[in-house]
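Using my numbering, count along the sequence shown one by one with no gaps and you end on 1176.
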Amino acid sequence: MIPPRIWGPPPHGPVGREHAVARVVDLLRQGRCVSVVGQHGSGRTTVLDAVRDALEDAGRDVRLAPATWRWSRQWPSGTPLTAADREALLVQLDLGEVMDLGSAESDVVVVDDVERLTPRSAEVLGALARHAGVPVLLTRLPGSGPRSGAAFSASSAWVEVPLDPLPFEDLHHLLDQRLGGSLAAELTAQVLHESGGLPGLAIALLDAGLAHGSVRWTGSHWSGTAGWSRELRPLFDALLEPLSPEPRAAVAVLARTGGVPTDVAGRLLGEQAVSSLYEHGLLRTTATHDGTQVALDPPGLASHVLAQEHPRLVFDLGRAHERARADDDPRVRGLAERLVGSRPPAPPAPGGLPVDRRTTRHDLVVALDTWRASRHVRDAVRVLHLTSLDQDAEIIEAVLTQTEAPVGRPTFDEVELRSAAARWSIHRGTEPRTAAADLRSAPDAAPEVRATLRLVAYLLEAEFGSVPGDYEQVLTPSLVHPGFEGATARFVLAACHTLAGRYERAEQLLGTDRPGWPAWLDHGADLLLGLCALARGDVTAGVARGTEMRARGTASSSPSAWTGGTYVLALGLVAQGRLADARRHLLALLPTHRPWTDPLPVRQACHGTLVLLSAATAHDSLTSGLLGGAGAPARQSGVLPWGCPATVHAVRAYVDGEVEVALEALGRCAAGLRRRGLVLPGDAADLARALLGRDDDVDVPAGDGTRRLGGAYLEALLDSRTALRQHDPVGLHTAATRFAELGVLDEAARCHHLAADLFHRHGEPGRAARERAAAAAAHPRGARAPGALHQRVLSDREREIVDLVARGRTNPEIAAELFLSVRTIEGHIRQIRRKTGATDRAAIGRLGTRFA
325 MIPPRIWGPP
335 PHGPVGREHA
345 VARVVDLLRQ
355 GRCVSVVGQH
365 GSGRTTVLDA
375 VRDALEDAGR
385 DVRLAPATWR
395 WSRQWPSGTP
405 LTAADREALL
415 VQLDLGEVMD
425 LGSAESDVVV
435 VDDVERLTPR
445 SAEVLGALAR
455 HAGVPVLLTR
465 LPGSGPRSGA
475 AFSASSAWVE
485 VPLDPLPFED
495 LHHLLDQRLG
505 GSLAAELTAQ
515 VLHESGGLPG
525 LAIALLDAGL
535 AHGSVRWTGS
545 HWSGTAGWSR
555 ELRPLFDALL
565 EPLSPEPRAA
575 VAVLARTGGV
585 PTDVAGRLLG
595 EQAVSSLYEH
605 GLLRTTATHD
615 GTQVALDPPG
625 LASHVLAQEH
635 PRLVFDLGRA
645 HERARADDDP
655 RVRGLAERLV
665 GSRPPAPPAP
675 GGLPVDRRTT
685 RHDLVVALDT
695 WRASRHVRDA
705 VRVLHLTSLD
715 QDAEIIEAVL
725 TQTEAPVGRP
735 TFDEVELRSA
745 AARWSIHRGT
755 EPRTAAADLR
765 SAPDAAPEVR
775 ATLRLVAYLL
785 EAEFGSVPGD
795 YEQVLTPSLV
805 HPGFEGATAR
815 FVLAACHTLA
825 GRYERAEQLL
835 GTDRPGWPAW
845 LDHGADLLLG
855 LCALARGDVT
865 AGVARGTEMR
875 ARGTASSSPS
885 AWTGGTYVLA
895 LGLVAQGRLA
905 DARRHLLALL
915 PTHRPWTDPL
925 PVRQACHGTL
935 VLLSAATAHD
945 SLTSGLLGGA
955 GAPARQSGVL
965 PWGCPATVHA
975 VRAYVDGEVE
985 VALEALGRCA
995 AGLRRRGLVL
1005 PGDAADLARA
1015 LLGRDDDVDV
1025 PAGDGTRRLG
1035 GAYLEALLDS
1045 RTALRQHDPV
1055 GLHTAATRFA
1065 ELGVLDEAAR
1075 CHHLAADLFH
1085 RHGEPGRAAR
1095 ERAAAAAAHP
1105 RGARAPGALH
1115 QRVLSDRERE
1125 IVDLVARGRT
1135 NPEIAAELFL
1145 SVRTIEGHIR
1155 QIRRKTGATD
1165 RAAIGRLGTR
1175 FA
């Protein structure tokens, strides 16, 4: 078995903590003492490495204190000091010798893991900081004393720098750089969830996946699964090492239950245990339909605890079981059932969790246990809500084939189960028309269920085919039927209206009360209402609808409502020009399973939107990872905005520098969708063209529907592109003002810079200076302009082309040297101009000089 690598980047490589490193270096240069606080695996020692390199590059002498476990001075014999020898050396030092260790002007003393120091060692180092004024940099675990005893209390003011969990994009960039190739974003999301954002643990999880072969190179990107394995025990044990027995028992209970209501956690787990776990950074708070819960952080800790065959675990769970059974609160008594019996994850069996699934998913485990005991349709539907198309094929197959036929009065659960079976068959390769025909026939279903299934099949054919011209005449007669047949007819008719661009009619159908509607239809109706509001140009109402759906999803623990609300909210934020905010909301969906059983699933649309926004905001590393893990969109619905497979294909061409190819593909997609009667997704495809086609030599017309969907942001974007194409600095100034009013400061600064360049060319230096001042005021930290560009804006290939342009090479010469086509080079140059604001080849050449 190949052991996982030890956390630590290559020399001068990315550490994922660049901002923390810069802050620590700045504080030490000011003579301040710094305490870096983080869990095991948070990168404390790695930060010290990077800080030491930066300080030594600046001429400071970094003194690694003898008590440190990682770095130590050596005895004259050249052999490293043992732990006892290091402590003995410190005891022998007197104050004068300590002061000789360094000076405040040139030296910095570094101590890694200060909690390992004895009081005597801390006293010596405290004296150094207090009397000699030498700045001290130390690291410590959460919950340990900030200065390791009273010896530090009288020293100069300390500044604490916490190493918080890495967000998605920072972790993705770190893993991407470490592997040296594009990483599937879904794999990053899985690693982020299991590691809780701790970079050391994330690296170990990824390396264990590589060692086991569950993470593989596909030829274009790294993909697969990464979760807990036995080789990672030392890393997880290190997180539990500082805990006393009572907090460890609480960890066992949380691992088995998945979470405990916040208001009863102290009673069930012990107040001191809860405080200790919070102090050590091992608890997180989550929202559920029962209120807030406390759960383990990182989540992978649950898999580690449950995989241990330790008698103490059984004892702790037994005591917690007795406490829970005797509690007055029914929520606590309900937890008692999870504390006994077979421990999750369930053993491999028909319908059990796959063998290679190393992540404990408590909600799915509980739902599976309930379904195995009953085999009822309602329990089967609950399981399918919690599954993933990509990872849970074995579970889905078992549930669809082993659920017992319903008896008694027909319920809507049967409709939902049969609809899920149809979608699953399409995902497995069945033609949509065939799946719809099978759904429509259903000879063993009750009459009311069969009538409802015919309506669901009609929508399925429209979704994967086209909206018939006579859909209103076909569906209207079914509206008068009572029960869920009439509700389904109302929803299907509204869905066809929405897709066909008849938004007011859809809102008339769905805007009234929907009492008694199944959640399956109700959440879908909210999705349609949000899309209709945005398509009419009412961005405020669309954003409000998306926010409300997310709140309902949280309150009811509904993945469908939460995911649909996030999708609608993201589209609304795009119309407001807040592309980065929209992208961050969609990124939060990656670590979760995205529902696939809904009447109009947003799964593929969320992915396409995230890919598009990542490319539009120049996040090249993330875009490549998303494109690498795109899967097979042809077997999924593409009728919602940016759910069309052409969106992903176009972005792939766009990233490769083939902008015209990307825009042509989106244009064909828009025309094809409209021929099928799908007006809304056609308008969205044109909006994607407008977002990607910002260059001065590319004309992308936008119709009224597209302009309403794009909102004020698209209007400003189109105005700026027209002004740039016409070399109109006044028009660019007007567009910059509109961007500033919308709060899109990057674009405002970019337009001001471009206007300044044009005014300078026109011989108006005064107006050019005012535009540069406006750009600085709009975005003080800099914008995409030749004089203020940071290299991170460009991809490696683009920086290579900038360098060759700076050397005076022509496009054919660059193409020959890089083994690319001239058309691809032209596309890359357009990308460089869009990202940097460079208006001509000379400006691109100046970028190359700046980089050099």
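Each residue gets a CB set at the ideal place from its N, CA and C atoms; glycine is no exception.
Straight-line gap, V679 to A550 (C-alpha atoms, nearest Å): Note that V679 has pLDDT 27, beneath the 50 cutoff, so the model's placement of it is unreliable and no number is given.
Cβ distance (whole Å) where T610 is taken to contact A619 below 8 Å: 6 Å
Residue environment, V458, which counts as buried when at least 16 other CB atoms sit within 10 Å: buried
Spatial distance of A589 from Y891 (CA atoms): Distance between the alpha carbons of A589 and Y891 is about 34 Å.
Spatial neighbours of A781 in its chain, beta-carbon cut-off 7 Å, leaving aside the 5 residues before and after: A760, L763, R764
Bridge partner(s) assigned by DSSP for S359: L462, E484
For A619, the residue or residues it bridges with in DSSP: R608
Nearest-angstrom Cβ-Cβ length linking L345 and A382, presumed shorter than 8 Å: Here the sequence assigns Val to residue 345, which means Leu is not the residue at that position. Rounded, the Cβ-Cβ distance is 13 Å, inconsistent with contact.
Through-space distance from R1049 to H1084, alpha-carbon basis: 17 Å
Rounded separation between A508 and L950 - CA only: 6 Å
Other residues of its chain near R860: CB distance less than 7 Å, five sequence neighbours each side excluded: Y827, R1032
Contacts around R747, its chain only, beta-carbon distance under 7 Å, and the 5 residues preceding and following it disregarded: W920, T921
Stretch pair the segment 782-796 + the segment 809-827: three plus CB contacts closer than 8 Å: Output reads yes: the segment 809-827 touches the segment 782-796.
The segment 966-982 in contact with the segment 790-808 per 3-pair CB rule at 8 Å: In short, these stretches do not touch, since the Cβ pair count stays below three.
Cβ pair L559, A574 closer than 8 Å: no
Coarse secondary structure for L490, derived from DSSP in three states: coil
Cβ-Cβ separation, G504 to P623 (assumed contact under 8 Å), whole Å: Not really, about 28 Å apart at Cβ, beyond 8 Å.
As assigned by DSSP and simplified to three states, the class of R747: Looking at R747 - three-state DSSP - the assignment turns out to be helix.
Per DSSP, cross-strand counterpart(s) of S547: R540
C-alpha distance - L1082 paired with A1092, whole-angstrom precision: 8 Å
Spatial distance of T916 from A1167 (CA atoms): One C-alpha to the other measures close to 44 Å.
Three-state secondary structure assigned by DSSP to L498: helix
Identity of the residue in F1063, A1059, L525, A906 nearest H364 by Cα: L525
Within 8 Å, strictly: CB atoms of T512 and V360: no
For L853 and R838, the rounded distance between their alpha carbons: Take the alpha-carbon of R838 and the one of L853: they are about 13 Å apart.
Close-in-space but distant-in-sequence residues of the same chain around E740 (CB under 6 Å, 5 per side omitted): V705, W844
Identity of the residue in R384, D653, D488, P1053 nearest E342 by Cα: D488
Own chain, CB closer than 6 Å to P883, minus 5 neighbours either side, in chain order: These residues qualify, in order along the chain: P919.
Contact check, L1196 vs P1005, beta carbons under 8 Å: Because the chain in this structure spans residues 325 to 1176, residue 1196 falls outside the shown range and cannot be described.
Unbroken alpha helix (DSSP H) run spanning T916, endpoints: No alpha helix (DSSP H) holds T916; DSSP gives it neither H nor E.
Complete runs of the alpha helix (DSSP H) confined to the segment 1020-1091 [at least 4 residues]: 1028-1049, 1053-1066, 1069-1085
Best match in E772, V983, G835 for proximity to P806 [C-alpha to C-alpha]: E772
Residue span of the alpha helix (DSSP H) that contains E755, given as start and end: Premise fails: E755 is in no alpha helix (DSSP H) and is neither H nor E.
Integer-rounded CB distance, given that A986 should sit under 8 Å from A994: With 8 Å as the limit, A994 and A986 do not qualify as a contact, their Cβ atoms being about 13 Å apart.
Sub-8 Å separation of T887 and V926 beta-carbons: yes
Nearest to G1029 (by Cα), restricted to the options A989, L855, V483, I1156: Nearest option by C-alpha distance: L855.
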